[in-house]
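The structure under discussion appears below in the form of structure tokens.
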Amino acid sequence: MKAPMNAPADVPGAPLRLNADLHAHSRVSDGSLAPAEVVRRAHEHGVELLALTDHDEVGGLAEAASAAARLGLPFVPGVEISVTWGGETIHVVGLRIDPGCQALCDGLARTRSGRDARAREMGEDLARAGIADAYAGALRFVGNPAMVGRTHFARFIVEQGVCRDVHEVFQRYLSEGKPGFVPHRWASLGDAVGWIRGAGGVAVLAHPGRYRLGETALWSLIAGFRDAGGEGIEVVSGSHTRDQYRRFAQVAHEFGLRASRGSDFHGPDESRVELGSLPALPDTLVPVWLDWPETAQAISRSAPAPAGTDVPSTARA
Ligand code: AMP
Ligand code: MN
Ligand code: MN
Ligand code: MN
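Positions 919 to 1235 (my numbering) are the ones given, in order, by the sequence shown.
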């Protein structure tokens, strides 16, 4: 049964049924669409509550927010911060951040600052592995030179015909132990969570199923994340299998974390999962967006007109 017109966010189940997509990238980091194009595409694919979460950068949020306002799509400013923890790269998503927060912006600028040197080194490694001029080639694919990363190298290597798709490039060249992989030290877990909270946001552990950590290390990561002030965990993610939805739903319960849902969309040709197309969160979970004002806005927009009002559906916003 659908919630009544202008249902408040506390109607049982209404927030869980929203098509929330709280993890997506634009050209401002390693996505292939402009921020406004990501918003338009999300709207076309039925997303009712959207966050843009570019890696280590908030520069796309103003464009995305105004595109979302034009479409009447409830929008949440976000970011995905790269963290080094226990020698692994971990991602922490920040949602409902204030993009103008100085401490957050300074922290993100420091996190971005090593990317160019790392990319030059990747170019040298790849040249030794037989792929020439990859640094210059990767730069042709960036929307934002400060955010040059592995995805841009992957696009160049596909363009060169060396691999069929970016996934193959990661398997053969860009993952740890492969010839184009250059280790890098990102932000600390405590700093990343602190910047997000300091900017008024909610910290969410991104795609926990992707980390190459044993059970004990993963437990200690999640406990450390929660102790640092982390409040949410991605359960239904474009990076997770159905078994992982169940596993991390259980983890969310055990650690008392709220649950998030996000496609991790990077572009129409590369992403396994389209914006807004993931299954709903298991209904035993508390969604991270439960009590946000943007959620109330999204629910009142998605509710049907009461019977007898005779409002054509196209006339409703
Ligand atoms: P970077 O921050 O430069 O290390 O790049 C990390 C990004 O590479 C991730 O956010 C993904 O977009 C992409 N990536 C990592 N592993 C893979 C993979 N196996 N297949 C496709 N893309 C990947
Ligand atoms: Mn990415
Ligand atoms: Mn990520
Ligand atoms: Mn991501």
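No residue lacks a Cβ here, since even glycine has one placed at the ideal position from N, Cα and C.
### Query
Tell me which same chain residues have a C-beta within less than 6 Å of the C-beta of residue 948, skipping the five on either side of it?
Reading the sequence shown from its first residue, position 30 is the one you call residue 948. 1067, 1069, listed in sequence order.
### Message
Any residue with its C-beta under 6 Å from a non-hydrogen atom of ligand 1 counts. Can you list them all in chain order?
### Response
Here the list is 948, 973, 1000, 1067, 1068, 1069, 1084, 1085, 1088, 1184.
### Query
Any heavy atom of ligand 2 closer than 7 Å to the Cβ of residue 943?
The count along the sequence shown starts at 1 and reaches residue 943 at position 25. For residue 943, the shortest separation between its Cβ and any heavy atom of ligand 2 lies below 7 Å.
### Task
Tell me, please, which residues DSSP counts as bridged to residue 1179.
Residue 1179 sits at position 261 when you count from the first residue of the sequence shown. Partner residues in the beta bridge of residue 1179, as assigned by DSSP, are 1154.
### Task
Sort 1221, 1211, 1117, 1176 by Cα distance to residue 1205 and report the nearest one.
Here residue 1205 corresponds to residue number 287 of the sequence shown, with the count starting at 1. Ranking the options by Cα distance to residue 1205, first place goes to 1176.
### Task
Identify whether residue 1210 lies in helix, strand or coil by the three-state DSSP scheme.
Stepping through the sequence shown from its first residue, residue 1210 is reached at position 292. Here residue 1210 sits in coil by DSSP.
### Message
Alpha carbons only, please: which of 941, 1152, 1183 is nearest the one belonging to residue 1173?
### Response
Indexing the sequence shown from 1 puts residue 1173 at position 255. With distances taken between Cα atoms, residue 1173 lies closest to 1152.
### Query
Would residue 1180 pass as a contact of residue 940 if the rule is Cβ separation under 8 Å?
As a working mapping, residue 1180 is identified with position 262 in the sequence shown. As a working mapping, residue 940 is identified with position 22 in the sequence shown. Yes. Within cutoff.
### Collapsed DSSP secondary structure at residue 1070 in the structure displayed
Walking along the sequence shown from the start, residue 1070 turns up at place 152. Residue 1070 falls in the helix class under three-state DSSP.
### Query
Got a sec: does ligand 6 put a non-hydrogen atom nearer than 7 Å to the Cβ of residue 1124?
Only ligand 1, ligand 2, ligand 3 and ligand 4 can be found as ligands here, which leaves ligand 6 out of the picture.
### Query
residue 1047 to residue 1062, Cα distance in whole Å?
Working through the sequence shown from its first residue, we reach residue 1047 at position 129. Working through the sequence shown from its first residue, we reach residue 1062 at position 144. Approximately 26 Å between the Cα atoms of the pair.
### Query
The alpha helix (DSSP H) with residue 995 in it runs from where to where?
Within the sequence shown, residue 995 is the residue found at index 77, counting from 1. If you look at residue 995, you'll find it isn't in any alpha helix (DSSP H); it sits in the beta strand (DSSP E) that goes 993-1003.
### Task
For residue 998, verify whether its CB is less than 7 Å away from any heavy atom of ligand 3.
The count along the sequence shown starts at 1 and reaches residue 998 at position 80. At least one heavy atom of ligand 3 is found less than 7 Å from the C-beta of residue 998.
#### Entry: Where residue 924 sits in the DSSP three-state scheme
Sequence index remark: in the sequence shown, residue 924 carries index 6 (1-based). With a pLDDT of only 42 at residue 924, under the threshold of 50, the placement of this residue in the model should not be trusted; the figure read from the coordinates follows. Three-state DSSP puts residue 924 in coil, outside helix and strand.
### DSSP-derived helix/strand/coil call for residue 1009
As a working mapping, residue 1009 is identified with position 91 in the sequence shown. Residue 1009 falls in the strand class under three-state DSSP.
#### Entry: At least three beta-carbon pairs within less than 8 Å, the stretch 997-1015 to the stretch 1119-1126
Yes: the two stretches touch, three or more of their Cβ pairs being nearer than 8 Å.
### Message
Just to confirm my understanding: we take residue 1003, look at its own chain, exclude 5 residues before and 5 after, and list those with CB closer than 8 Å. What are they?
### Response
The count along the sequence shown starts at 1 and reaches residue 1003 at position 85. Excluding positions up to five away in sequence, the list reads 1106, 1107, 1139, 1142.
### Query
Between residue 942 and residue 967, is the Cβ-Cβ spacing less than 8 Å?
The residue labelled residue 942 in the question sits at position 24 within the sequence shown. The residue labelled residue 967 in the question sits at position 49 within the sequence shown. 8 Å or more divides the Cβ of residue 942 from the Cβ of residue 967.
### Task
Using the Cα positions of residue 934 and residue 964, report the straight-line distance between them to the nearest angstrom.
As a working note, residue 934 is residue 16 in the sequence shown. As a working note, residue 964 is residue 46 in the sequence shown. The straight-line gap from Cα to Cα measures roughly 15 Å.
### Task
Would you check whether ligand 4 has a heavy atom nearer than 7 Å to the C-beta of residue 1009?
The residue you call residue 1009 lines up with position 91 of the sequence shown. Yes, since a heavy atom of ligand 4 falls inside the 7 Å radius drawn around the Cβ of residue 1009.
### Task
Reducing DSSP to helix, strand and coil, say where residue 1193 ends up.
Taking the first residue of the sequence shown as position 1, residue 1193 is located at position 275. Taken through DSSP and simplified to helix, strand or coil, residue 1193 comes out as coil.
### Bridge partners - residue 1122, DSSP secondary structure assignment
Numbered from its first residue, the sequence shown carries residue 1122 at position 204. DSSP lists 1011, 1150 as the bridge partner or partners of residue 1122.
### Query
Does ligand 4 have a heavy atom nearer than 7 Å to the CB of residue 971?
Along the sequence shown, one-based indexing puts residue 971 at 53. Inclusion of residue 971 in the 7 Å shell around ligand 4 follows from its C-beta lying nearer than that to a non-hydrogen atom of the ligand.
### Message
Any heavy atom of ligand 4 inside 7 Å of the beta-carbon of residue 1024?
### Response
Locating residue 1024 in the sequence shown gives position 106, counting from the first residue. Residue side-chain check: residue 1024 keeps its Cβ at 7 Å or more from all non-hydrogen atoms of ligand 4.
### Query
Looking only at its own chain, which residues have a Cβ that is under 6 Å from the Cβ of residue 1191, when we skip the five neighbours before and after it?
Numbered from 1 along the sequence shown, position 273 holds the residue referred to as residue 1191. Excluding the 5 residues flanking it on each side, residue 1191 has same chain C-beta neighbours closer than 6 Å at 1156, 1181, in chain order.
### Query
From residue 1045 to residue 1169, what distance separates their C-alpha atoms?
Position 127 of the sequence shown holds residue 1045. Position 251 of the sequence shown holds residue 1169. Cα to Cα, the separation comes out at about 43 Å.
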